Amino acid sequence: MLADNQPGATNIMPADLNADGHVDYFATRGHGRGVLWFKGPDFNLIEIDPEILAPHSLDLADLDNDGDLDAITCSKDPVGVAAWYENNSKGLFTKHIIDRNQGSYDTRTIDMDSDGDLDVLIAGHTSNNVVWYENPLDREKTSTSARHFLGNWALKQPDGTAGWMMLSMSDGKLKGEYWAVGGGRALTDIVVEDGKLLFTRKIRAGKPEFNGGPPTGERVAVRYTAKVDGDALKLAQH
-12 MLADNQPGAT NIMPADLNAD GHVDYFATRG HGRGVLWFKG PDFNLIEIDP
38 EILAPHSLDL ADLDNDGDLD AITCSKDPVG VAAWYENNSK GLFTKHIIDR
88 NQGSYDTRTI DMDSDGDLDV LIAGHTSNNV VWYENPLDRE KTSTSARHFL
138 GNWALKQPDG TAGWMMLSMS DGKLKGEYWA VGGGRALTDI VVEDGKLLFT
188 RKIRAGKPEF NGGPPTGERV AVRYTAKVDG DALKLAQH
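Numbering (my numbering), first residue to last: -12 to 225.
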(Lines of atoms letter the chains of each structure in order from A and count residues from 1; the text may use other names and numbers.)
(Lines give C-alpha, C1' and ligand atoms only; values in the text may rest on other atoms or scores of the structure.)
Protein backbone atom coordinates (compact mmCIF):
# COMPACT_ATOMS: atom_id res chain seq x y z
CA MET A 1 0.00 0.00 0.00
CA LEU A 2 1.33 3.43 -0.94
CA ALA A 3 -0.90 5.35 1.47
CA ASP A 4 -4.15 5.12 3.38
CA ASN A 5 -6.48 7.85 4.60
CA GLN A 6 -6.64 9.47 1.15
CA PRO A 7 -10.32 10.44 0.81
CA GLY A 8 -11.48 11.15 -2.72
CA ALA A 9 -8.33 9.90 -4.49
CA THR A 10 -9.04 9.69 -8.23
CA ASN A 11 -5.82 9.84 -10.27
CA ILE A 12 -2.29 8.50 -10.02
CA MET A 13 0.42 8.46 -12.69
CA PRO A 14 3.96 6.99 -12.64
CA ALA A 15 6.97 9.09 -13.69
CA ASP A 16 10.51 9.95 -12.61
CA LEU A 17 9.69 13.39 -11.24
CA ASN A 18 13.07 14.28 -9.73
CA ALA A 19 15.43 12.67 -12.27
CA ASP A 20 16.97 10.25 -9.78
CA GLY A 21 16.28 7.11 -11.81
CA HIS A 22 13.42 5.92 -9.59
CA VAL A 23 9.75 5.72 -10.45
CA ASP A 24 7.62 8.20 -8.50
CA TYR A 25 3.84 8.68 -8.48
CA PHE A 26 1.88 11.91 -8.96
CA ALA A 27 -1.67 11.80 -7.57
CA THR A 28 -4.78 13.92 -7.04
CA ARG A 29 -7.77 13.73 -4.70
CA GLY A 30 -10.41 14.55 -7.28
CA HIS A 31 -13.31 14.02 -4.89
CA GLY A 32 -11.55 15.72 -2.02
CA ARG A 33 -8.71 18.22 -1.77
CA GLY A 34 -5.07 18.08 -2.70
CA VAL A 35 -2.30 17.32 -5.18
CA LEU A 36 0.59 15.15 -4.00
CA TRP A 37 3.41 12.88 -5.10
CA PHE A 38 5.05 9.75 -3.77
CA LYS A 39 8.85 9.86 -3.98
CA GLY A 40 10.47 6.58 -5.00
CA PRO A 41 11.96 4.22 -4.12
CA ASP A 42 10.37 4.45 -0.64
CA PHE A 43 7.29 6.32 -1.91
CA ASN A 44 7.27 8.94 0.79
CA LEU A 45 4.17 11.13 0.51
CA ILE A 46 4.85 14.78 -0.33
CA GLU A 47 1.96 17.26 -0.37
CA ILE A 48 2.29 19.71 -3.27
CA ASP A 49 -0.98 21.63 -2.94
CA PRO A 50 -3.21 20.42 -0.08
CA GLU A 51 -5.87 23.09 -0.63
CA ILE A 52 -6.85 22.75 -4.29
CA LEU A 53 -10.50 21.70 -4.45
CA ALA A 54 -11.51 18.49 -6.27
CA PRO A 55 -8.60 18.17 -8.77
CA HIS A 56 -10.52 15.62 -10.81
CA SER A 57 -8.32 15.30 -13.91
CA LEU A 58 -4.57 14.81 -14.30
CA ASP A 59 -1.94 14.75 -17.00
CA LEU A 60 1.86 14.87 -16.88
CA ALA A 61 3.77 16.64 -19.64
CA ASP A 62 6.67 19.02 -20.24
CA LEU A 63 4.67 22.25 -20.45
CA ASP A 64 7.63 24.65 -20.33
CA ASN A 65 9.99 22.74 -22.64
CA ASP A 66 12.75 22.45 -20.05
CA GLY A 67 13.14 18.68 -20.23
CA ASP A 68 11.23 17.58 -17.12
CA LEU A 69 7.62 16.58 -16.45
CA ASP A 70 5.15 19.13 -15.14
CA ALA A 71 1.55 18.40 -14.09
CA ILE A 72 -1.84 19.76 -15.13
CA THR A 73 -5.12 19.32 -13.24
CA CYS A 74 -8.57 20.88 -13.05
CA SER A 75 -11.34 20.84 -10.49
CA LYS A 76 -14.33 18.55 -10.98
CA ASP A 77 -16.94 21.30 -10.89
CA PRO A 78 -16.78 24.95 -12.03
CA VAL A 79 -16.14 26.21 -8.51
CA GLY A 80 -12.38 25.57 -8.45
CA VAL A 81 -9.45 26.15 -10.80
CA ALA A 82 -7.48 24.70 -13.68
CA ALA A 83 -3.80 24.79 -12.73
CA TRP A 84 -0.43 23.48 -13.76
CA TYR A 85 2.49 22.70 -11.51
CA GLU A 86 5.94 23.64 -12.77
CA ASN A 87 8.64 21.09 -11.93
CA ASN A 88 12.14 22.43 -11.20
CA SER A 89 13.58 19.04 -12.32
CA LYS A 90 14.08 18.02 -8.68
CA GLY A 91 10.47 17.40 -7.74
CA LEU A 92 9.75 20.87 -6.35
CA PHE A 93 6.55 22.21 -7.91
CA THR A 94 5.28 25.77 -8.37
CA LYS A 95 1.55 26.28 -8.94
CA HIS A 96 0.26 28.41 -11.83
CA ILE A 97 -3.46 29.16 -12.31
CA ILE A 98 -4.70 28.66 -15.88
CA ASP A 99 -8.38 29.47 -15.37
CA ARG A 100 -11.07 29.72 -12.71
CA ASN A 101 -14.61 28.34 -12.52
CA GLN A 102 -13.84 25.56 -15.00
CA GLY A 103 -14.90 21.97 -14.38
CA SER A 104 -13.31 18.83 -15.80
CA TYR A 105 -13.80 15.14 -16.35
CA ASP A 106 -10.57 14.65 -18.26
CA THR A 107 -7.48 16.64 -19.25
CA ARG A 108 -4.98 16.11 -22.07
CA THR A 109 -1.97 17.97 -23.47
CA ILE A 110 -1.25 18.36 -27.18
CA ASP A 111 0.31 20.97 -29.47
CA MET A 112 -2.95 22.37 -30.87
CA ASP A 113 -1.42 25.26 -32.82
CA SER A 114 1.81 23.61 -34.04
CA ASP A 115 4.04 26.20 -32.35
CA GLY A 116 6.30 23.72 -30.59
CA ASP A 117 4.76 23.72 -27.11
CA LEU A 118 1.99 21.68 -25.48
CA ASP A 119 -1.42 23.23 -24.99
CA VAL A 120 -4.11 22.00 -22.59
CA LEU A 121 -7.41 20.31 -23.52
CA ILE A 122 -10.16 19.96 -20.90
CA ALA A 123 -13.44 18.06 -21.19
CA GLY A 124 -15.59 20.24 -18.97
CA HIS A 125 -17.97 17.78 -17.22
CA THR A 126 -20.41 19.95 -15.25
CA SER A 127 -19.12 23.05 -17.07
CA ASN A 128 -20.86 21.57 -20.13
CA ASN A 129 -18.01 22.53 -22.44
CA VAL A 130 -14.82 21.38 -24.11
CA VAL A 131 -12.03 23.96 -24.00
CA TRP A 132 -8.38 24.30 -24.93
CA TYR A 133 -5.89 26.69 -23.43
CA GLU A 134 -3.05 27.99 -25.56
CA ASN A 135 0.34 27.62 -23.93
CA PRO A 136 1.76 31.16 -23.62
CA LEU A 137 5.34 29.90 -23.68
CA ASP A 138 7.38 32.48 -25.59
CA ARG A 139 8.40 30.84 -28.85
CA GLU A 140 10.35 33.68 -30.42
CA LYS A 141 13.08 31.61 -32.06
CA THR A 142 15.69 34.34 -32.08
CA SER A 143 15.98 34.09 -28.30
CA THR A 144 19.24 32.93 -26.77
CA SER A 145 17.35 30.26 -24.81
CA ALA A 146 17.91 26.72 -26.06
CA ARG A 147 14.20 25.90 -25.96
CA HIS A 148 13.48 28.34 -28.76
CA PHE A 149 15.44 26.21 -31.21
CA LEU A 150 13.28 23.16 -30.51
CA GLY A 151 11.24 21.74 -33.38
CA ASN A 152 11.70 21.17 -37.10
CA TRP A 153 13.75 23.51 -39.26
CA ALA A 154 14.46 23.91 -42.95
CA LEU A 155 18.16 24.60 -43.53
CA LYS A 156 20.10 26.97 -45.75
CA GLN A 157 23.40 25.13 -46.14
CA PRO A 158 26.75 26.69 -47.10
CA ASP A 159 26.79 24.87 -50.47
CA GLY A 160 23.27 25.97 -51.36
CA THR A 161 21.68 22.53 -51.03
CA ALA A 162 18.56 21.86 -48.99
CA GLY A 163 18.50 20.18 -45.62
CA TRP A 164 16.30 19.57 -42.61
CA MET A 165 16.92 19.52 -38.88
CA MET A 166 14.89 18.39 -35.89
CA LEU A 167 15.88 19.48 -32.37
CA SER A 168 14.42 18.20 -29.11
CA MET A 169 15.20 18.25 -25.41
CA SER A 170 15.95 15.06 -23.47
CA ASP A 171 17.14 14.89 -19.86
CA GLY A 172 17.78 18.63 -19.99
CA LYS A 173 20.06 18.37 -23.04
CA LEU A 174 19.57 19.30 -26.68
CA LYS A 175 19.31 16.38 -29.09
CA GLY A 176 19.32 16.74 -32.85
CA GLU A 177 18.96 14.93 -36.18
CA TYR A 178 20.13 16.40 -39.47
CA TRP A 179 19.02 15.28 -42.94
CA ALA A 180 20.61 16.34 -46.21
CA VAL A 181 21.93 14.80 -49.44
CA GLY A 182 23.52 11.53 -48.42
CA GLY A 183 21.20 10.69 -45.52
CA GLY A 184 20.70 11.63 -41.91
CA ARG A 185 23.03 12.00 -38.96
CA ALA A 186 22.75 12.66 -35.25
CA LEU A 187 24.20 15.97 -34.09
CA THR A 188 26.71 16.21 -31.24
CA ASP A 189 28.02 18.92 -28.91
CA ILE A 190 24.90 21.08 -29.34
CA VAL A 191 25.00 24.41 -27.52
CA VAL A 192 23.41 27.85 -27.80
CA GLU A 193 25.66 30.89 -27.54
CA ASP A 194 24.78 34.53 -28.21
CA GLY A 195 21.52 33.60 -29.92
CA LYS A 196 23.18 31.10 -32.27
CA LEU A 197 23.03 27.32 -32.37
CA LEU A 198 26.35 25.48 -32.56
CA PHE A 199 26.69 21.77 -33.30
CA THR A 200 28.98 19.14 -34.79
CA ARG A 201 28.00 16.82 -37.62
CA LYS A 202 29.94 14.19 -39.54
CA ILE A 203 29.95 14.65 -43.30
CA ARG A 204 31.66 12.84 -46.15
CA ALA A 205 34.57 14.57 -47.83
CA GLY A 206 35.52 14.14 -51.48
CA LYS A 207 33.85 14.43 -54.86
CA PRO A 208 30.42 12.89 -55.60
CA GLU A 209 30.07 9.94 -57.97
CA PHE A 210 27.54 11.90 -60.04
CA ASN A 211 26.39 15.48 -60.38
CA GLY A 212 24.21 16.36 -57.41
CA GLY A 213 25.07 13.16 -55.58
CA PRO A 214 26.59 12.80 -52.12
CA PRO A 215 30.37 12.88 -51.53
CA THR A 216 32.03 9.47 -51.36
CA GLY A 217 34.99 9.98 -49.01
CA GLU A 218 35.46 9.24 -45.32
CA ARG A 219 33.28 11.01 -42.79
CA VAL A 220 34.86 13.94 -40.97
CA ALA A 221 33.51 15.98 -38.06
CA VAL A 222 32.55 19.54 -39.01
CA ARG A 223 31.46 22.28 -36.62
CA TYR A 224 28.52 24.46 -37.70
CA THR A 225 26.95 27.69 -36.55
CA ALA A 226 23.25 28.20 -37.25
CA LYS A 227 21.26 31.40 -36.95
CA VAL A 228 17.62 32.16 -37.65
CA ASP A 229 17.02 33.47 -41.17
CA GLY A 230 13.29 33.95 -41.74
CA ASP A 231 11.63 30.57 -41.20
CA ALA A 232 14.87 28.63 -41.66
CA LEU A 233 18.28 28.19 -40.09
CA LYS A 234 21.23 29.51 -42.06
CA LEU A 235 24.36 27.41 -41.55
CA ALA A 236 28.01 28.36 -41.67
CA GLN A 237 31.01 26.06 -41.20
CA HIS A 238 33.67 26.93 -38.63
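Glycine is no exception: its CB is placed at the ideal position from the N, C-alpha and C atoms. Because the structure is a prediction, the values reported are computed rather than measured.
By the C-beta criterion, the segment 109 to 123 is judged to be in contact with the segment 57 to 69, since at least 3 inter-stretch pairs fall below 8 Å. Cα atoms of residue 25 and residue 123: separation of roughly 29 Å, rounded to the nearest angstrom. The shortest CA-to-CA distance from residue 160 to any of 102, 76, 166 and 171 is the one to 76.
One thing to note: residue 47 has its Cβ within 7 Å of the Cβ of residue 56. Residue 90 and residue 78 have their C-alpha atoms spaced approximately 27 Å apart. By the criterion of a C-beta distance shorter than 8 Å, residue 189 is surrounded in its chain by 172, 206, 207, 208 and 209, once the five residues flanking it on both sides are discounted. DSSP lists 154 as the beta-bridge partner residues of residue 138.
DSSP places residue 101 in the coil class of the three-state scheme, outside both helix and strand. With contacts defined by Cβ atoms closer than 7 Å, residue 80 and residue 109 do not form a contacting pair. Ranked by Cα distance from residue 15, the options 49, 69, 102 and 166 are led by 69. Remark: C-beta atoms of residue 214 and residue 183 approach each other more closely than 7 Å. When DSSP states are grouped into helix, strand and coil, residue 148 belongs to the coil group. By the Cβ neighbour-count rule, residue 175 is exposed, with fewer than 16 other Cβ atoms within 10 Å of its own. For residue 45, the enclosing beta strand (DSSP E) has its first and last residue at 42 to 48.
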